[in-house]
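Enquirer:
Chains as they are written, first to last, in this note's numbering: chain A, 724 to 1124; chain B, 37 to 341.
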């Protein structure tokens, strides 16, 4: 009972969010040596896991004497929930998680509830390689980053198909919707709030509302209601033509790519342009699998890492976050044999030698050229829109209310 | 019939059992742990379900969140689905376990091998079994592919829906496979101790197979069968991972619903997630109380030992 009362007492007078101490980077390196960094991240990509546990872990151990351990989770929101409880219970030090791979919506929740350590990103030496003037870097889903997270990589939605089965895929959202109606049962998308399913709903939202640009402006309630209702109507009418008549949806993109590989459906959706190439190399997809982006563009964003307010090994976590931005780590990450994730740094800021090595990277058979991806990249809408679309999809499309 | 002598029984207890003081002392660590960790969690959870979450700026005490879930048009659907899955899984597993126990008690073959096979499911986590079930029973799974190569069905779409299906067959199969060995072991323990003698006696008194079962086996195994089934029911009612993987996206079971609310981006949904969890706990407690009452009634009527 005493424990209970104590924790209740703490929750009433919890500490304010942690602020970075002004110590030099050399001191950070010194303190980091010997620390064990527990990195909580979504564990759904075998290639990401291999990159983190293999290359990154062994390099930070060699270079900085930091021991890195990956802690795979199914949804980082669980960790945010836990941090909130810890904050309430007054656990301001010695937290379990040292580093988080975090997405926009969760970053917003964590930032607004003071669950993050920092600002720290501006103190990482490799930060000079990042182009902070890009909107997708200084804003994470419309939420100002303010150095509370450090970029790790960039992603863009691509559609995956098997050219042997579908020689001419529909290359715009409009023609895709047509295709689905004329090929019942051969298409589906993961159920939001899964983030890949959620981005597909946003693509439909952009399609019916006439593009991404208007949603970057100040929020217009009336316009949003009209556009979102049109989105739900479109998806509700599409449901009977989906896989399993739209009565159930795959729970994540991995399940969807399984369905594509098993020939149950003809398309998969991925946030990672090189994932299909990687799956061909791994023997999970046939070599005839290719990717495409919609003519009107697909949504792209930057993904980040952050440090919880009560992390036990903040210095170690900062050293890892800095190493992730090093040319060496970014190059390895971009290698399709390793992971194939796109760089978070601006390659133009590197010296000619490093630039050449990036240029020489082999491109997987199914990965689109950089120019195609970049010229077809749409920004994410602010996270308020994302959250409302996810809720609305559940009520109006899934439950048909 | 076996009759117990109450005098010797209580004598035995006073001679070998600890006194009330020692008993309290022995139970304190375990009880303390349960009260502090479990009870503490429940109290904090209850506070949050009332909307009290100071770290997120919520300081209210309100029954609004309970009202929200209980009046949600999906609540009865979810409750019904969860009850359906638990009740069917428990009933099927219970019935199979009785026959398995009866078979095993008189089994003369390679005993250790059969015991070993029976113990495998006990060691395998639910999540692993659920994944295995996906690979086996999906329309593109192993069984479907086998049927297609042998030409018994022409195409994956001909294979019946067994996972993510409206009847939750995949979920029930997973639970039955996992729980049958557990219930069987509980039932066998009783049958081994008293069943054999009683059955012999019944047979010498010329009881037929049905009479043996109805008047000897069933009353003997009922308490442990009931207890095991209750554990299985409580577990399947509150379990999350199997329906999450093998269920339909909608309607969802109560635990999946609770998880969805709890891990929602919107922190305002957390109290509802915890309230759902408490409703689940309430249903399980009601099931325990009800089954205890039924058992007591049956015992009074002499239907069980």
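Idealized CB from N, CA, C, for every residue including glycine.
Check distances from the C-beta atoms of the segment 942 to 975 of chain A to those of chain B and list, in chain order, the residues that come in under 9 angstroms.
Expert: Cβ contacts with chain B come from 967, 970, 971, 972, 973, 974.
Enquirer: Write down every uninterrupted run of the beta strand (DSSP E) in the segment 1018 to 1044 of chain A whose length is 3 residues or greater and which is fully enclosed by it, in chain order.
Expert: You should have 1021 to 1029.
Enquirer: State yes or no: is the C-beta of residue 894(A) within less than 9 angstroms of the C-beta of residue 993(A)?
Expert: Not closer than 9 angstroms, so no.
Enquirer: Select from 917(A), 875(A), 797(A), 1090(A) the residue whose C-alpha is nearest the C-alpha of residue 1049(A).
Expert: 875(A)
Enquirer: Considering only the alpha carbon of each residue, which of 1007(A), 1039(A), 1107(A), 995(A) lies closest to residue 1064(A)?
Expert: 995(A)
Enquirer: First and last residue of the alpha helix (DSSP H) that includes residue 897(A)?
Expert: 896 to 905
Enquirer: Quick one: Cα of residue 170(B) to Cα of residue 282(B), how far?
Expert: 7 angstroms
Enquirer: Going by the beta-carbon positions, is the gap between residue 966(A) and residue 910(A) smaller than 9 angstroms?
Expert: By the CB criterion at 9 angstroms, residue 966(A) and residue 910(A) fall inside the cutoff.
Enquirer: Find the residues of chain A that neighbour residue 285(B), judging by a C-beta separation of less than 7 angstroms, and give them in chain order.
Expert: 914, 971, 972, 1121
Enquirer: Is the Cβ of residue 85(B) closer than 9 angstroms to any Cβ of chain A?
Expert: With 9 angstroms as the cut-off, residue 85(B) does not count as an interface residue toward chain A.
Enquirer: Check whether the segment 811 to 822 of chain A and the segment 1059 to 1079 of chain A touch, using three or more Cβ-Cβ pairs below 8 angstroms as the test.
Expert: no
Enquirer: Taking 9 angstroms as the CB-CB limit, is residue 1007(A) close to chain B?
Expert: no
Enquirer: Please name the residue, chosen from 1095(A), 746(A), 809(A), 896(A), that lies closest to residue 669(A) on a Cα-to-Cα basis.
Expert: Since the first and last residues shown for chain A are 724 and 1124, residue 669(A) lies out of range.
Enquirer: Can you tell me the Cα-Cα spacing of residue 769(A) and residue 1082(A), whole angstroms?
Expert: 25 angstroms
Enquirer: Give me the chain A residues within the contact set of residue 133(B), using Cβ-Cβ distance strictly less than 9 angstroms, ordered along the chain.
Expert: Neighbours of residue 133(B) on chain A: none; closest Cβ ~31 angstroms, over 9 angstroms.
Enquirer: Are residue 1003(A) and residue 1089(A) closer than 9 angstroms when you measure CB to CB?
Expert: Going by C-beta atoms, residue 1003(A) is nearer than 9 angstroms to residue 1089(A).
Enquirer: Applying the criterion that 16 or more other CB atoms from any shown protein chain within 10 Å of the CB defines a buried residue, is residue 306(B) buried or exposed?
Expert: buried
Enquirer: Show which residues of chain A have a CB atom less than 9 angstroms away from the CB atom of residue 302(B).
Expert: 832, 1110, 1114
Enquirer: Would you mind telling me which residues of chain B sit closer than 9 angstroms to residue 829(A), beta carbon to beta carbon, in chain order?
Expert: The answer, in chain order, is 301.
Enquirer: Spatial neighbours of residue 113(B) within its chain, please: CB distance less than 7 angstroms, with the 5 preceding and 5 following residues excluded, ordered by chain position.
Expert: 287
Enquirer: Whose Cβ in chain A lies nearer than 7 angstroms to the Cβ of residue 298(B)?
Expert: 804
Enquirer: Can you list, in chain order, the residues of its chain whose CB lies under 7 angstroms from that of residue 748(A), leaving out five sequence neighbours each side?
Expert: 846, 848
Enquirer: Would you identify the three-state DSSP class for residue 864(A), choosing helix, strand or coil?
Expert: coil
Enquirer: Would you say the segment 122 to 132 of chain B touches the segment 272 to 279 of chain B, given that touching needs at least three Cβ pairs under 8 angstroms?
Expert: yes
Enquirer: Taking the Cβ atom as the reference point for each residue, do residue 787(A) and residue 1046(A) lie within a distance shorter than 9 angstroms?
Expert: yes
Enquirer: Thinking just about the alpha-carbon of each residue, which of 898(A), 946(A), 940(A) is nearest to the one in residue 1019(A)?
Expert: 898(A)
Enquirer: For residue 1038(A) and residue 1057(A), I'd like the C-alpha separation in whole angstroms.
Expert: Residue 1038(A) and residue 1057(A) have their C-alpha atoms spaced approximately 26 angstroms apart.
Enquirer: I'd like the list of long-range same chain contacts for residue 782(A), defined as Cβ closer than 8 angstroms, with 5 residues on each side in sequence excluded.
Expert: 1046, 1051, 1052
Enquirer: Any beta-carbon of chain C closer than 9 angstroms to the one on residue 888(A)?
Expert: Going by chain labels, chain C is absent from the structure shown, which instead holds the protein chains A and B.
Enquirer: Within this structure, are the beta carbons of residue 989(A) and residue 885(A) separated by less than 9 angstroms?
Expert: yes
Enquirer: Count the other CB atoms, across all protein chains shown, that sit within 10 Å of the CB of residue 946(A); report buried if there are 16 or more and exposed otherwise.
Expert: exposed
Enquirer: Which residues, in chain order, does the segment 1028 to 1041 of chain A contribute to contact with chain B at a C-beta distance below 9 angstroms?
Expert: none
Enquirer: Kindly identify the DSSP beta-bridge partner or partners of residue 1101(A).
Expert: 1022(A)
Enquirer: Could one say the Cβ of residue 836(A) lies closer than 9 angstroms to chain B's Cβ atoms, at least one of them?
Expert: yes
Enquirer: Reducing DSSP to helix, strand and coil, say where residue 95(B) ends up.
Expert: strand
Enquirer: Have a look at residue 253(B) and residue 235(B) and give me their C-alpha separation to the nearest angstrom.
Expert: A straight-line Cα-Cα distance of about 8 angstroms links residue 253(B) and residue 235(B).
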